[in-house]
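Residue numbers (the working numbering), protein chains in the order written: chain A, 18 to 488; chain B, 2 to 198.
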Amino acid sequence: MMLALLIFPALMMFAVSFFKNKKAKFLLPVTSFVILLPMVKLFMLPKPYALWGSYLVADRLDTYVLLVSSIVGIGVTLALLTLEKHVRVSGNAYRRFYRFFAVFWIGLIVSILANHMGVYWIGLELATLSTVYMIKTNHTSAAHKEAWNYMIVGAIAISLVLFGIILMYASAKPVLGEDAMQFDLLLAHAKEIPSPFLFEMGFAIATVGMFVKMGFFPMNLWLANIERASFYPVAALFSGILESAVIIGFFRFSKIAMEVNYSHLFVFVFVYTLLTIFIVSFLIFRAKDFMRLFSLSGVEHMALIALFWVSGGTFAALLHFGAHAFLKPALFLSTGVLESNGKYRIAGALRGYVGKRGTMFWFLVSLFLLAIISLPPSPMFFSELYGFGAMITVAKESDHMLAMIGAILFLLILLSVIFYRFVAVYQSMKYEGKEEEKHVYTSEIFALLLFALALMALLLPQTFSYLRGIA
Amino acid sequence: MIDFLIGLFLASLIVALFTSRLYRLLFWYSLNSLTLGLLALFIGEELDDKAMLITGIATIVIKAAGIPYLLKYLSQKFHLVRQIQPEIKVQYAIILIPAILVFTFYLSEPITHMIRSGSNDIAVSISSLFLSLLLMMEHKNVAPKIIGFLCMENALFLLGITATDGMPMLVELGIFFDLLMAIVVINLLLHKEEANQ
């Protein structure tokens with residue numbers, strides 16, 4: 018019953034997307050709002066809650082990720098109401114966007130709630146394929162090229178994930194039989210896996226596939242180019258929702274890998290994420306437009322989340338994840354206004370706003386920009402504090418304290434490069450360039466306010482205790 | 002018989018790498034899928050696994066017949082370029098392909114010790130994965146890239162059959178469903194491809 022309630026709004030959205038009536042445009046965001054209701058209900062239910070046998074099981078982690086994603090979905094659909102005011106989009110493309118958005122939701126619900134490696138993969142593949150068309154709603158050659166690019170590279174990444182899943186399944190099948198696909202059973206019997214090397218190899222391959230999907234080394238510019246070529250709400254969906262589905266898979270796989278051999282997992286993820294942040298920090302320094310800047314910053318944050326998670330900083334990783342999921346879509350959606358009339362200029366982008374809506378817009382965007390570089394009281398400030406604390410704790414338990422301090426210092430240098438670039442961008446946006454009038458629409462302000470409120474909710478003591486409960 | 006089919010699976014993929022005509026490539030993909038379907042049927046019968054038998058039949062119907070037919074129809078509908086010259090010259094491909102095969106047999110050696118079933122089968126499926134990637138890389142046109150992606154899916158399917166004695170039925174059906182979804186998306190993407198030509 019609960020599963021039907023979760024999927025029903027997406028089916029409703031799919032059906033409404035076929036209506037050619039102009040008023041249907043306003044009905045589509047309503048269906049997105051409806052998604053939140055069963056999510057909240059699921060959030061309140063005692064955990065673990067079996068939605069479909071042992072295949073889909075809601076626990077504290079996935080309901081948190083799903084709730085965050087549904088809030089992001091509402092924000093995106095609010096901004097979609099005024100998409101045609103900022104860019105050229107046909108009514109047909111708009112409806113098709115929603116059609117695939119509905120399929121995307123179903124894939125997302127399945128992958129996030131999955132307690133089964135195979136079902137997780139099916140959901141992720143469905144969500145990935147449905148986003149291909151969303152990129153193509155922008156009728157430009159660049160978007161068309163990037164849609165193919167996404168289809169092919171995304172298919173390779175997702176195939177790597179399946180390859181890894183098969184190896185992990187093969188490693189545990191002698192102990193668990195066909196149940197070796199279930200995350201909870203794998204976690205409980207991780208120490209009994211007869212060939213840990215095979216499991217670790219499968220984990221490494223699946224992780225590389227997931228990291229490629231999130232734009233980690235060596236595919237750092239892949240996602241940024243796609244997000245640049247597509248409409249801004251697509252970029253918001255990628256960073257706020259699709260990446261959530263990918264990272265939850267990483268959370269689940271790595272939990273099991275921690276039981277199999279923690280030091281192997283830690284070194285692998287630590288080196289990979291550090292390398293990614295090293296490259297991304299310099300790419301951010303050179304970024305010359307908002308979309309690439311925000312996209313690369315998203316890669317940096319996902320790398321930090323993965324790093325905090327494997328360091329045992331579950332609370333820090335989840336807080337950082339929530340903050341990233343709200344901040345990045347908010348910034349991507351604001352680019353619709355910042356890059357008014359297709360102008361990619363950074364200088365003066367925060368000037369020329371009049372009236373209450375205009376003032377509120379630049380104020381909120383300024384806050385988001387400063388929050389993304391972890392200035393207090395941003396949730397990212399606290400998550401990074403706790404995350405680095407977790408890294409020190411891990412080092413204390415090993416014999417590599419000095420190496421870890423060196424690595425943290427190196428990481429702080431890289432983060433300060435990013436910090437410097439964002440401050441310079443903000444100053445250029447506010448104090449340089451020509452002042453040109455830009456229009457801000459009410460639905461966009463509502464979307465940004467929703468994200469601001471959600472960010473504040475992350476700082477509530479109740480949220481902190483909930484996230485600590487997941488750990 | 003299983004060894005013969007696995008050899009045929011690999012051979013059809015190697016020949017596909019040298020093909021310069023689209024319809025011929027579709028034929029090799031179809032043969033690749035047919036051998037995979039037959040493999041699933043033989044292994045399923047050997048293990049008395051009904052789920053694998055269903056999967057084998059579905060593979061033959063969907064992948065060996067349905068998808069190649071649909072792709073041929075789409076290529077005619079959208080007037081796709083049928084002359085698909087690989088970017089890697091034949092003389093280099095002749096060296097590269099055996100190198101990949103030797104490398105993967107060497108690479109998969111530690112894995113094969115840990116899996117009870119035939120060790121060569123796993124090495125062939127991993128090398129097929131690399132060869133499918135090569136098929137995607139060596140062409141600039143979209144159609145061979147799609148077939149490369151489908152061959153890669155076949156290679157993973159073979160790995161699933163050989164390394165794990167078959168994946169759960171639900172997962173196999175889910176993969177088929179996703180494959181059909183991929184074809185729908187490819188169809189939509191080709192609409193623009195037609196406009197660009």
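No residue lacks a Cβ here, since even glycine has one placed at the ideal position from N, Cα and C.
(message) Rounded to whole angstroms, what is the Cα-Cα separation between F268/A and L350/A?
(response) 27 Å
(request) Identify the contact partners of M151/A in chain B, using a Cβ-Cβ distance below 8 Å as the criterion. (result) Result: empty, since nearest Cβ-Cβ is about 10 Å, beyond 8 Å.
(message) I want to check one thing, is the minimum distance from the CB of L179/A to the heavy atoms of the ligand GDP below 6 Å?
(response) For the ligand GDP, the structure offers nothing, since it holds no ligand at all.
(message) Counting only C-beta atoms, is M2/B closer than 7 Å to chain A at any point?
(response) no
(message) In this structure, how does DSSP classify L68/A when only helix, strand and coil are distinguished?
(response) strand
(request) Mind reading off the beta-carbon distance from A41/B to T56/B? Whole number of angstroms is fine, and I expect it under 8 Å. (result) 5 Å
(request) From the DSSP output, in three-state form, read off A366/A for me. (result) coil
(message) Against chain A, with Cβ distances strictly below 7 Å, would V172/B count as a contact?
(response) yes
(message) Within 10 Å of its beta-carbon, does L472/A have 16 or more other beta-carbons around it, so buried, or fewer, so exposed?
(response) buried
(request) Name, going along the chain, the residues of the segment 133-163 of chain B whose beta-carbon falls closer than 8 Å to a beta-carbon of chain A. (result) L134, M137, V143, K146, F150, M153, E154, L157, L160, G161
(message) Do A223/A and F285/A have their beta-carbon atoms positioned less than 7 Å apart in this structure?
(response) no
(request) Output the residue ranges of the alpha helix (DSSP H) runs that lie fully inside the segment 97-160 of chain A and measure 4 residues or longer, sorted by chain position. (result) 100-103, 108-130, 134-153
(message) Is the separation between the beta-carbon of G330/A and that of G404/A shorter than 7 Å?
(response) yes
(request) Give me the Cβ distance between F19/B and V91/B, rounded to the nearest whole Å; I'm assuming they're in contact under 8 Å. (result) 6 Å
(message) Buried or exposed, going by whether 16 or more other CB atoms sit within 10 Å of the CB of M18/A?
(response) exposed
(message) Can you pull the chain A neighbours of G8/B, defined as C-beta to C-beta under 8 Å?
(response) By Cβ distance, chain A contributes nothing, its closest Cβ being about 22 Å from G8/B, past 8 Å.
(message) Suppose you measure from the CA of F36/A to the CA of L179/A; what does that come to, to the nearest Å?
(response) 37 Å
(message) With a threshold of 7 Å between beta carbons, is I183/A in contact with chain B?
(response) yes
(message) Would you say V186/B lies against chain A (beta-carbon separation less than 7 Å)?
(response) yes
(request) Mind listing the chain A neighbours of A183/B? Cutoff is C-beta to C-beta under 7 Å, in chain order. (result) L146
(request) Name the one or two DSSP bridge partners that R22/B has. (result) Q84/B
(request) Pick helix, strand or coil for H164/A, following the three-state DSSP scheme. (result) It is Ala, not His, that sits at residue 164/A in the sequence shown. Correct three-state label for A164/A: helix.
(request) Taking L466/A as part of the alpha helix (DSSP H), name the residues at either end of that continuous run. (result) 459-475
(request) Using a Cβ cut-off of 8 Å, pull out every chain A residue sitting near G45/B, in sequence order please. (result) Those within 8 Å of G45/B in chain A number zero; the least Cβ separation is about 15 Å.
(request) Step through the CB atoms of chain A and report whether any lies within less than 7 Å of the CB of M53/B. (result) no
(request) In angstroms with no decimal places, state the Cα-to-Cα distance between M231/A and F43/B. (result) 39 Å
(request) Note down, in chain order, all residues in the segment 199-226 of chain A with a beta-carbon under 9 Å from any beta-carbon belonging to chain B. (result) P211, S212, F214, L215, M218
(request) Please check if any C-beta of chain B sits within less than 7 Å of the C-beta of S415/A. (result) no
(message) Using the three-state DSSP reduction, which class does V284/A fall into: helix, strand or coil?
(response) helix
(message) Using the Cβ count rule (16 or more neighbours within 10 Å means buried), how would you classify H161/A?
(response) buried
(request) Please classify L157/B: does DSSP put it in a helix, a strand, or coil? (result) helix
(message) Quick check: the Cα distance between N166/A and K153/A, rounded to an integer number of angstroms?
(response) 11 Å
(message) At the level of alpha carbons, what is the spacing between L130/A and L59/A?
(response) 11 Å
(message) To the nearest angstrom, how far is the alpha carbon of F131/B from that of R25/B?
(response) 21 Å
(request) May I ask you to list the residues that DSSP assigns as paired with V74/A? (result) A67/A
(message) Measuring alpha carbon to alpha carbon, tell me which residue in Y249/A, F399/A, R438/A is nearest L335/A.
(response) F399/A
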